[in-house]
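Data block below; observations after.
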Ligand code: NDP
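Structure representation (structure tokens):
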């Protein structure tokens, strides 16, 4: 048996179409959703992410505001910028690109963002709302994984799900979302005993670890749905000296033979993150204006 390949790029494209359609509807009401991204310092990957977010925001018809601040920006200046954006009615979503330079307390910065504009879903109020089943802004990567799972499986209730990884940005919100769908959820981490047995019980496996190909195919229950969040760069001597390639946390070649469905890396979960960021921005804009939200793009 070979698994269905869950094409994240195509699914993200469909999400973006719906976002774009909703933006067009808002524009007929004279409303243009706006996303502000703040980048402190010159971390090269962060610069690429910020540029890509800006391009995608404009392609969806929204306003994109970018603020670049030097690496030695005092924390107080960054907090002042966040407060200014909180007060700006043209800004519906605020994202402060992480990681921040070491002298800045990232939790303080995130918790200064107005919760209703916290499109990354990292503010403590949004985390608490998600955990207590209240309407929240949800972290983009887990939200994307959930929308993909719903799209592929429909009703998730009663399914055994394991989330490998307990980070605040992926593992924990993913587990909360699956619990919200009435899955029976196990959260595994570096201290979990006999991870292979835990994974073998699961109908849904979400791997968010950051260890290349650590989940082999023989851990996967036949027919299970496997969502591989991991992005790991490994040497690829076959491509030439010093070359690398990106692999997930799941050993794709063996898992694809056992799973019912699986996300590839690259081209699986990765593209969903930006799509969900834009979906969250539209959702935030609708909530701010007391207008109907796009259906199925939030929880
Ligand atoms: P973190 O490093 O914050 O968390 C990793 C988690 O994996 C921790 O909870 C850790 O456990 C657990 N872990 C580590 N080793 C093992 C092990 N041997 N067995 C079981 N669990 C283990 O990572 P993130 O959550 O931020 O990211 C995870 C992966 O997802 C990374 O590859 C990252 O690049 C990728 N990612 C991809 C995104 C996308 O858009 N596709 C977005 C965000 C992340 P413990 O808590 O005990 O230390």
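Residue numbers (the numbering used here): 383 to 681. Don't be surprised by glycine CBs; every beta carbon is placed ideally from N, CA and C.
Item                                                                                                                 : Value
Sufficient close CB pairs (3 or more, under 8 Å) joining the segment 478–495 to the segment 514–522                  : no
Enclosing beta strand (DSSP E) for residue 538 [first to last residue]                                               : Premise fails: residue 538 is in no beta strand (DSSP E) and is neither H nor E.
Same chain, Cβ closer than 7 Å to residue 400, five either side skipped, listed in chain order                       : 676 and 679
3-residue-minimum beta strand (DSSP E) runs that sit fully inside the segment 412–480, ordered along the chain       : 416–422, 445–451 and 475–478
Between the CA atoms of residue 541 and residue 566 - distance to the nearest angstrom                               : 6 Å
Residue 385 vs residue 638 beta-carbon contact at 8 Å                                                                : yes
Segment limits, alpha helix (DSSP H) that includes residue 582                                                       : 577–582
CA nearest to the CA of residue 585, picked from 661, 619, 504 and 560                                               : 560
Check whether residue 501 and residue 529 have beta carbons under 8 Å apart                                          : no
Chain-ordered residues, beta carbon under 5 Å from a heavy atom of ligand 1                                          : 523, 547, 548, 549, 552, 571, 572, 590, 591, 592, 611, 612, 613, 651, 652 and 655
Best match in 667, 426, 417 and 644 for proximity to residue 534 [C-alpha to C-alpha]                                : 644
Anticipated Cβ contact below 8 Å, residue 415 with residue 664, distance rounded                                     : 5 Å
Same chain, Cβ closer than 7 Å to residue 569, neighbours up to 5 away in sequence not counted                       : 545, 548, 553 and 557
Length of the line joining the Cα atoms of residue 635 and residue 599                                               : 8 Å
Continuous alpha helix (DSSP H) stretch holding residue 638: start and end                                           : No alpha helix (DSSP H) contains residue 638, which DSSP labels as neither H nor E.
Residue 600 - DSSP class collapsed to helix/strand/coil                                                              : helix
Distance between residue 495 and residue 504 (C-alpha atoms, nearest Å)                                              : 9 Å
Own chain partners of residue 382 with C-beta closer than 6 Å, once the 5 adjacent residues on each side are dropped : As shown, the chain starts at 383 and ends at 681. That puts residue 382 outside it, with no answer to give.
Contact check, residue 398 vs residue 657, beta carbons under 8 Å                                                    : yes
Inter-residue Cα distance where the pair is residue 511 and residue 520                                              : 9 Å
Bounding residues of the alpha helix (DSSP H) (the contiguous stretch that carries residue 557)                      : 553–562
Test item: CB-CB of residue 597 and residue 589 under 8 Å                                                            : yes
Contact belief for residue 492 with residue 422 at Cβ below 8 Å, rounded distance in angstroms                       : That pair is no contact at about 13 Å.
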